[in-house]
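Participant: Take the sequence shown: its letters are residues -18 to -1, 1 to 262, numbered as in mature numbering (1 follows the signal peptide of the UniProt record, and there is no 0).
Ideal placement from N, C-alpha and C gives every residue a C-beta, glycine not left out.
A quick note: this is a predicted structure, and the numbers were derived from the prediction, not measured.
One structure coming up, written as C-alpha cells, with questions to follow.
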Amino acid sequence: MRKLLLICFITVFAGVSAQVQTPQPSPSVQLKQVVGLTNFEINYSSPSMRGREIFGDLVPFEKLWRTGANKNTTISFDDNIVFGGVEVEAGEYAIFSEPGEREWKIYLYKNTENWGTPREWNEELIAASAMVEAINVEPAFESFTISFGHFTKDSAHLIMTWANTSTHILIEVPSDKKVMKSIEMSMKDPTPADLYSAAVYFLETDRDINKAKKWIDQAMDARDDKPYWMLRQQSLIYAKAGEKNMAIKLAQQSLEAAQKARNADYVKMNKESLKEWGAY
C-alpha cells in the first residue's frame, strides 16, 4: 500500500512540475548601453513580420502603440537627459508611439506597468514627446529592433526599426558637466593619469589650452618613460597653443617611439602633423 501511494505521489508531482516550454513569438530583449557617461537600459518584446503588413495595417497609423509587443516597452537612465529636445529627469519610463506615414510621435510615459497601452491615457503622465521622421529602409527588418547609434561624447540616437520603417530620436546626456565636475574634484590631489586625461579633454573640447599645456607637462614630468601616445597629445596641445617648434620636437619623439613600437597608426599621424607644421 505504501509503495502504491509513493508511486502515485511521484506520478502526480511529475505531472505538476513538468511543463511544456516553447519559444515566445515575440521574445524579450534587454538592451544596455552607455552614452557618454550615462547608463541606459531598455526592455521590450520583439515581434516579427511573419509575412504580415505592419505599419498602416497590423499597427494602425495615428493610433497609440506599445512600441513592441506584450508589456509596454520601458527605458531607464541614471542621469537627467534631453529627449528629442525635451528635458527629462532620470528614472524609468514607458515608450509609446503613434506611427504615421511620414512622421511618428514618440512618448516617454511615467506609468510603466501597462500590458499594451494604458486603458486611460493621462496627459499629465507624459514626461516628454517628440515628432520624428519615418525613414524608409531597405531591406525590411523582419523583427522589431531598438538600438543606439550616431554616438558622440554627449549624445546618441535612439533608433527603432521594423519592416521598412525606422525612426531616430536624438538623446543628449550631461557628459561634459560630469567630466568637468570630476576634473574639478581630481585637481585637488591629481595623479599623473588625472592630469593627462584633463589636459586631453581640454584640448578636445577647445577649453583653456594653457591649462591643458600645464597639466600635460606635469603628467609627463611625473613619468620616467615617455609613451608615444602621450607625446602625441602633448605635441597637439603645444601646436594649438601656437608653440610650433616645441610641437615639432614632441611629434618627432612620438614618431620615433611609435616606430620602435611598430604602431603604424601613430607613425602615420605624426608624419602628417610634422608635414602640416612645416618640419619637412
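(1) Which same chain residues, not among the five before or five after Thr(-8), have their C-beta less than 7 Å away from its C-beta?
(2) What is the rounded straight-line gap between the Cα of Asp190 and the Cα of Phe184?
(3) Just tell me which of Val70, Arg84, Gly82, Gln215 has its CA closest to the CA of Leu90.
(4) So that I know if they touch, is there some Cβ in chain B lying closer than 7 Å to that of Glu74?
(5) So, Leu213 versus Ser236, is the Cβ gap smaller than 7 Å?
(6) For Gly38 and Pro121, I'd like the C-alpha separation in whole angstroms.
(7) Does DSSP put Thr76 in a helix, in a strand, or in coil?
(8) Go ahead and pull the three-state DSSP assignment for Ala110.
(9) Could you check if Tyr75 is buried or exposed, using at least 16 other CB atoms within 10 Å of its CB as the buried criterion?
(10) Under 7 Å between the Cβ atoms of Ala116 and Val68?
(11) Which full runs of the alpha helix (DSSP H) of 4+ residues lie inside the stretch 183 to 209, going along the chain?
(12) Run the CB neighbour count on Tyr262, radius 10 Å, all protein chains shown included, and call it buried at 16 or more, exposed below.
(13) Checking the sheet assignment: what are the DSSP bridge partners for Phe130?
(14) Helix, strand or coil for Ala181, going by three-state DSSP, please let me know.
(15) In three-state terms, what does DSSP make of Tyr220?
(16) If you reduce the DSSP assignment to three classes, tell me which class Ala51 lands in.
(17) For the alpha helix (DSSP H) that contains Ser157, what are its first and last residues?
(18) Given Tyr248, which residues of its chain have a CB within under 7 Å of its CB, disregarding the five upstream and five downstream residues?
(19) Using a Cβ-Cβ cutoff of less than 7 Å, which residues in the same chain neighbour Val41 once the five nearest sequence positions on both sides are dropped?
(20) Which partner residues does Ala145 have in the DSSP bridge list?
Facilitator: The answer reads as follows:
(1) The residue you call residue -8 lines up with position 11 of the sequence shown. For Thr(-8), the pLDDT reaches just 48, beneath the cut-off of 50, and the residue's location in the model is therefore unreliable, although a value from the coordinates is still provided. Answer for Thr(-8): no residue qualifies.
(2) Sequence index remark: in the sequence shown, residue 190 carries index 208 (1-based). Sequence index remark: in the sequence shown, residue 184 carries index 202 (1-based). Distance between the alpha carbons of Asp190 and Phe184 is about 7 Å.
(3) As a first step, residue 90 is located in the sequence shown; it is residue number 108 there, counting from the start. Closest option to Leu90, Cα to Cα, is Val70.
(4) No chain B appears in this structure, which consists of one protein chain only.
(5) For the purposes of this step, residue 213 is taken as the residue at position 231 of the sequence shown. For the purposes of this step, residue 236 is taken as the residue at position 254 of the sequence shown. Going by C-beta atoms, Leu213 is nearer than 7 Å to Ser236.
(6) Mapped onto the sequence shown, residue 38 falls at position 56. Mapped onto the sequence shown, residue 121 falls at position 139. Looking at the two C-alpha atoms, the distance is approximately 18 Å.
(7) Counted from its first residue, the sequence shown places residue 76 at position 94. One point to set straight first is that residue 76 is Ala, not Thr, in the sequence displayed. Three-state result, Ala76: strand.
(8) On the sequence shown, residue 110 is found 128 positions in, with the first residue counted as 1. Three-state result, Ala110: strand.
(9) Indexing the sequence shown from 1 puts residue 75 at position 93. Counting Cβ neighbours within 10 Å, Tyr75 comes out buried, since at least 16 surround it.
(10) For this step, residue 116 is matched to residue 134 along the sequence shown. For this step, residue 68 is matched to residue 86 along the sequence shown. It is not a contact, given that the beta carbons lie outside the stated cut-off.
(11) 191 to 203
(12) Position 280 of the sequence shown, counted from the start, is the residue given in the question as residue 262. Result: exposed.
(13) The residue given as residue 130 occupies position 148 in the sequence shown. Answer is Leu140.
(14) Walking along the sequence shown from the start, residue 181 turns up at place 199. If DSSP states are grouped into helix, strand and coil, Ala181 belongs with the helices.
(15) Indexing the sequence shown from 1 puts residue 220 at position 238. Three-state DSSP puts Tyr220 in a helix.
(16) Along the sequence shown, read from residue 1 onward, the residue named residue 51 stands at position 69. Correct three-state label for Ala51: coil.
(17) As a working note, residue 157 is residue 175 in the sequence shown. Per DSSP, Ser157 belongs to the alpha helix (DSSP H) from 157 to 168.
(18) Numbered from its first residue, the sequence shown carries residue 248 at position 266. Hits under 7 Å: Tyr210, Trp211, Arg214, Ser236, Ala240.
(19) As a first step, residue 41 must be located in the sequence shown, where it is residue number 59. If we look at Val41 and ignore the five residues flanking it on each side, its Cβ neighbours are Trp47, Pro81.
(20) In the sequence shown, counting from the first residue as 1, residue 145 sits at position 163. Note: Ala145 sits in a beta bridge opposite Phe123.
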